[in-house]
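K.L.:
There's a structure below that I have some questions on.
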Amino acid sequence: MMNCTMDITTFFLLVGLIAIGLINIILTLIGSRSNLGGFKNKLIEMNAELRRIDPLIRDEFSRNRDESRQSLKDNRVEQATSLKEIRETVESKLRSIQDDNNKRLEEMRKTVDEKLQETVEKRFNESFKMISDRLEQVHRGLGEMQTLASGVGDLKKVLTNVKTRGNLGEIQLGAILEQILSAEQYEHNAAVKKGSQERVEYAIKLPGKNNDDQSLLLPIDSKFPTEDYQRLLDVYENISDLNSKEVDAISKQFENSVKKNAKDIRSKYINPPVTTDFAIMFVPTEGLYAEILRRTGLFEVLQRDYRVTVVGPTNLVAFLSSLQMGFKTLAIEKRSSEVWEILGAVKTEFGRFGRLLDDTKRKLQAATNVIDAAGVRSRAIEKKLRAVQELPQEKAVDLLGEAVDLEPEDREAE
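Okay, so the sequence shown: first residue is 6 according to this note's numbering, each after it adds one.
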């Protein structure tokens, strides 16, 4: 291919030189127009030269064309061979890369599958455990709800039964009295009217002025108008669906029920001078007590017309605590004279005790003086005996006998 390129270059150089020569000749001829004959001769010579060169140029072109064709053919064969080798190399590399990628993808897939399976199993176990815990909680909640529903049903049965409802209020009243007062300060199922079979649930014993006076009874009875109170609560919840007349009618019915209970207490349990001239009506819920207080004038009507005071659980505790303080104050007042007598006796005995202490002090002083005198006498005797030689212990025992050891007793006394 390089030889072909050089031949073509040589050819173009020759053509260029010929063209330059022709241009020079033409310019020369133009410069010397007078020499036309010479110009013709030159043209003839040039024509002859061109005729001589033309076959050479054609042969050169033909040879160059054949060489170029052969060179291109060789180049195509060489390029095809190179491309084939490159293709085979690339295909081999691609197959190797593909195999390596497939192997790596398979390893990655296995790793991902293992991790995914492990994660899924872990999440599944955690979710299953959480669901099991929640189901267990729901099961316990359902059990508690069933127990609660059963308790609510039992409570509903209790509250719908008039007798049982009365017993519930009575039990609550008794529990409060038992916490605040002692057993001697109140009476259960007390008879307040002679010859009557009526018994008030509880009566507080108010002490008389003197110890010999009979206790004055304060009647306390529990009432629980549940039906009327529940209807009133239903009215409050659905007040937008009712007209004012229906609301007033139910409210009036509730007030009449409370007044009826107060009238019943007044007629059965208020009996002066055995009882006080008023009684206590206990309602077992704070909501019912608040509803009675909310009724304008109802509380005052019960006190004025029926001589009945309404209390709830909290008010009853405060009322009983006040009574308990009054009982203690009254007891102290009644026992004050006894206390003064006891203090007088203590004062007398204390005077005698003082005199006895004085006598004891004098006797102890006399004994101390005697002991001091004996000590002085003992020291004088000891001074006289200093000149006498001491005998050994054995001889002293033989002469005087066994001496009494007073030191242990002295140490014990110390």
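Glycine is no exception: its CB is placed at the ideal position from the N, C-alpha and C atoms.
#1: Using only the alpha-carbon positions, how far apart do residue 119 and residue 99 sit?
#2: Please state whether DSSP places residue 282 in a helix, a strand or coil.
#3: Count the other CB atoms, across all protein chains shown, that sit within 10 Å of the CB of residue 60; report buried if there are 16 or more and exposed otherwise.
#4: Quick check: the Cα distance between residue 223 and residue 152, rounded to an integer number of angstroms?
#5: Going by DSSP in three states, residue 210 sits in which element: helix, strand or coil?
#6: Which residues mark the beginning and the end of the beta strand (DSSP E) in which residue 313 is found?
#7: So, with DSSP's three-state summary, where would you put residue 23?
#8: Which residue's Cα is closest to the Cα of residue 279: 379, 338, 189 and 199?
#9: If I'm right that residue 275 touches residue 282 with Cβ under 8 Å, what's the distance once you round it to whole angstroms?
#10: Please confirm whether residue 225 and residue 318 have their CB atoms less than 8 Å apart.
#11: How would you label residue 49, buried or exposed, when you count the other beta carbons within 10 angstroms and need 16 or more for buried?
#12: Any contact between the region 300-318 and the region 251-270? By contact I mean 3 or more CB pairs, one from each, below 8 Å.
#13: Have a look at residue 145 and residue 139 and give me their C-alpha separation to the nearest angstrom.
#14: Report yes if the CB atom of residue 241 is closer than 8 Å to the CB atom of residue 293, and no otherwise.
#15: Apart from the five residues on each side of it in sequence, which residues of its chain come closer than 8 Å, Cβ to Cβ, to residue 296?
#16: Counting C-beta neighbours from all protein chains within 10 Å, is the total for residue 254 16 or more, i.e. buried, or is it exposed?
#17: Between residue 232 and residue 125, what straight-line distance do the alpha-carbon atoms span, to the nearest angstrom?
#18: Return helix, strand or coil for residue 194, following the three-state DSSP convention.
#19: According to DSSP, is residue 220 helix, strand or coil?
#20: Under a three-way DSSP split, which group does residue 201 fall into?
#21: If you drop the 5 nearest sequence neighbours on each side, which residues of the same chain put their C-beta closer than 7 Å to that of residue 291?
#22: Using 8 Å as the threshold, is the C-beta distance between residue 227 and residue 175 below it?
#23: With 16 as the cutoff for other CB atoms within 10 Å, does residue 361 come out buried or exposed?
P.N.:
Quick answer:
#1: Rounded to whole angstroms, residue 119 and residue 99 show a C-alpha spacing of 29 Å.
#2: Secondary structure of residue 282 (DSSP, three-state): coil.
#3: The residue in question, residue 60, is exposed, as its Cβ has fewer than 16 Cβ neighbours within 10 Å.
#4: Taking the straight line joining both Cα atoms gives about 41 Å.
#5: DSSP, reduced to helix, strand and coil, places residue 210 within a strand of the structure shown.
#6: According to the DSSP assignment, residue 313 belongs to the beta strand (DSSP E) that extends over 313-316.
#7: In the structure shown, residue 23 falls within a helical segment according to DSSP collapsed to helix, strand and coil.
#8: The residue with the shortest Cα to Cα distance from residue 279 is 199.
#9: Between residue 275 and residue 282 a beta carbon distance of about 7 Å is seen, short of the 8 Å cut, so the two are scored as contacting.
#10: Cβ distance not < 8 Å, so residue 225 and residue 318 don't count as in contact.
#11: With fewer than 16 neighbouring CB atoms inside 10 Å of its own CB, residue 49 falls in the exposed class.
#12: Short answer: they touch.
#13: Going from the Cα of residue 145 to the Cα of residue 139 covers about 10 Å.
#14: Against a cut-off of 8 Å, the Cβ pair of residue 293 and residue 241 comes out as no contact.
#15: Same-chain partners within the cutoff: 234, 237 and 259.
#16: The residue in question, residue 254, is exposed, as its Cβ has fewer than 16 Cβ neighbours within 10 Å.
#17: Rounded to whole angstroms, the gap between the alpha carbons of residue 232 and residue 125 is 59 Å.
#18: Of the three classes helix, strand and coil, the one that applies to residue 194 here is strand, per DSSP.
#19: If DSSP states are grouped into helix, strand and coil, residue 220 belongs with coil.
#20: Note: residue 201 maps to coil in three-state DSSP.
#21: Non-local beta-carbon contacts of residue 291 in its own chain, meaning distances under 7 Å to residues more than five positions away in sequence, involve 317, 318 and 319 in chain order.
#22: Going by C-beta atoms, residue 227 is nearer than 8 Å to residue 175.
#23: So residue 361 counts as exposed.
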